[in-house]
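Chains as they are written, first to last, in the numbering used here: chain A, 66 to 233; chain B, 295 to 562.
To start, the structure itself, in structure tokens.
This is the structure in structure tokens:
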């Protein structure tokens, strides 16, 4: 149990630092930056205290906001995906989720891909809607959402498979 | 009352979610208004020191380019010094109202519509809000928040940014703003259609505000068109500064700002 707490704390700090020091300086093609910190929300243990989880996600977004001077945009996006996560866990993993037995390292790639894709897309859409904050620029919002989501998805899949130990 | 409490306890997850979401949304809305984002900003002690620690590593990547820029600037300054005798002495009285302070950029962004920079100078170095920030090539932005050791700059690549500028050739002034699209192009508005302008004309700061001294380069005209009512120009300006790659900047401090402010108050 303590091990799990430690893993999540270090994941929290590590992902925020990785986000603000490295990922936000990539600026691929001028504006595409991956939001790798959502991996914390995606990989948070399924059997959890929901109130704590939602609050932690808020804190995660807020700390990223603090570094990036983006108001509360990241906080709003991550607290939303934290709240709606159970719905998409059920959708992607089906019966396994009902028994709270989902271990992300043991799920197969397609299920994980769908689960990541949906949540990352929702997160990025909320994020860029709030960042651009102009209903006349819907096309711009979708463009940013699409490209950044793809980038984030790729990095999330790579990172999650890099750090998953299949033996345990 | 009992029922109300029961309702909250039953839906506590949803209530917490709504509470946090509205917190985040109100912060977002505040951040879209100039000078309102009071709580969450990157010029505090924690974020500043973390950016500072990693800046020690990343600054090595740009050493070559920075060296070249400094050399260019040096040579320009040398030319000024060599020709110093020819300049009228009366100028120095005016120039001395501005002090320059060099600073390093800890964080820079240009990919979103509201961009800010974080600098490693703060109140301890007598930096105040409304001080201007420039490089040897052109303007960068205006200080908008300070802490003890760090300060935040409202970049000219921010949709809330407004800077008073003028056309160097004709002295007609207008307001520089940004539409949030390309980090190389900003927009100059409020120039009357009577003015003769041409592609390639230089735009400089007007000196009407106390933030920037007059005649600091901004950019050159890339293209222009009339606005919907056809009485004012909307001019695309190509910036002289490469806003995507900033390392050393200067903070311009106006030493007369208190006197100027006192004058303005008595006018009203």
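Glycine is no exception: its CB is placed at the ideal position from the N, C-alpha and C atoms.
Of all the CB atoms in chain A, is at least one closer than 9 Å to the CB of residue i?
i                      : result
residue 346 of chain B : no
residue 480 of chain B : no
residue 318 of chain B : yes
residue 445 of chain B : no
residue 324 of chain B : yes
residue 321 of chain B : yes
residue 450 of chain B : no
residue 368 of chain B : no
residue 341 of chain B : yes
residue 440 of chain B : no
residue 315 of chain B : yes
residue 542 of chain B : no
Would you identify the three-state DSSP class for residue i, choosing helix, strand or coil?
i                      : result
residue 385 of chain B : For residue 385 of chain B, the predicted structure reports a pLDDT of 49, less than 50, and the residue's modelled location is therefore unreliable. The matter cannot be settled from this model.
residue 614 of chain B : No answer is possible for residue 614 of chain B: the residues shown for chain B start at 295 and end at 562.
residue 159 of chain A : coil
residue 511 of chain B : strand
residue 362 of chain B : helix
residue 451 of chain B : strand
residue 566 of chain B : Residue 566 of chain B falls outside the range modelled here, since chain B spans only 295 to 562, and no answer is possible.
residue 94 of chain A  : coil
residue 167 of chain A : coil
residue 130 of chain A : helix
residue 242 of chain A : This structure cannot settle anything about residue 242 of chain A, because the visible part of chain A is limited to 66 through 233.
residue 102 of chain A : coil
residue 349 of chain B : helix
residue 212 of chain A : helix
residue 114 of chain A : coil
residue 335 of chain B : coil
residue 181 of chain A : helix
residue 188 of chain A : helix
residue 491 of chain B : coil
residue 343 of chain B : helix
residue 372 of chain B : helix
residue 122 of chain A : helix
residue 228 of chain A : coil
Based on DSSP bridge pairs, tell me the residues matched to residue i.
i                      : result
residue 245 of chain B : The structure shown does not extend to residue 245 of chain B, since chain B is modelled only from 295 through 562, so no value can be given for it.
residue 439 of chain B : B:446
residue 517 of chain B : B:530
residue 459 of chain B : B:468, B:499
residue 428 of chain B : B:433, B:544
residue 299 of chain B : BP columns for residue 299 of chain B are empty, so no partner.
residue 480 of chain B : B:531
residue 485 of chain B : B:527
residue 392 of chain B : B:548
Check whether chain B comes within 9 Å of residue i, counting only Cβ atoms and requiring the distance to be less than that.
i                      : result
residue 132 of chain A : yes
residue 80 of chain A  : no
residue 210 of chain A : no
residue 242 of chain A : In the structure displayed, chain A extends from 66 to 233; residue 242 of chain A sits before or after that span and is not available.
residue 201 of chain A : no
residue 135 of chain A : yes
residue 216 of chain A : no
residue 204 of chain A : no
residue 69 of chain A  : no
residue 190 of chain A : no
residue 102 of chain A : no
residue 195 of chain A : yes
residue 207 of chain A : no
residue 86 of chain A  : yes
residue 72 of chain A  : no
residue 106 of chain A : no
residue 77 of chain A  : no
Can you tell me which of the options puts its alpha carbon nearest to the alpha carbon of residue i?
i                      : options                    : result
residue 516 of chain B : B:534, B:401, B:302        : B:534
residue 138 of chain A : B:514, B:407, B:488, B:396 : B:407
residue 403 of chain B : B:550, B:557, B:540        : B:540
residue 52 of chain A  : A:148, A:76, A:77, A:88    : With chain A running from 66 to 233 in the structure shown, residue 52 of chain A is simply not present.
residue 371 of chain B : B:321, B:324, B:431        : B:431
residue 419 of chain B : B:545, B:553, B:341, B:557 : B:545
residue 549 of chain B : B:394, B:437, B:336        : B:394
residue 123 of chain A : A:170, A:143, A:229, A:226 : A:143
residue 421 of chain B : B:337, B:518, B:326        : B:337
residue 136 of chain A : A:197, A:208, A:72, A:204  : A:197
residue 493 of chain B : B:518, B:314, B:339        : B:518
residue 75 of chain A  : A:104, A:131, A:127, A:181 : A:104
residue 465 of chain B : B:447, B:490, B:448        : B:490
residue 528 of chain B : B:553, B:500, B:486        : B:486
residue 158 of chain A : A:185, A:178, A:97, A:229  : A:178
residue 366 of chain B : B:350, B:429, B:320        : B:429
| Residues in the stretch 152-180 of chain A having any Cβ partner in chain B nearer than 7 Å | none
| request: Using a Cβ-Cβ cut-off of less than 7 Å, list which residues of the stretch 405-424 of chain B approach chain A; keep chain order. | output: 405, 406, 407, 410
| Interface positions of the stretch 108-126 of chain A facing chain B (Cβ-Cβ less than 8 Å), listed along the chain | 115, 116, 119, 120, 123, 126
| query | Can you list, in chain order, the residues of the stretch 301-312 of chain B whose Cβ is nearer than 7 Å to any Cβ on chain A? | reply | 306, 307, 310, 311
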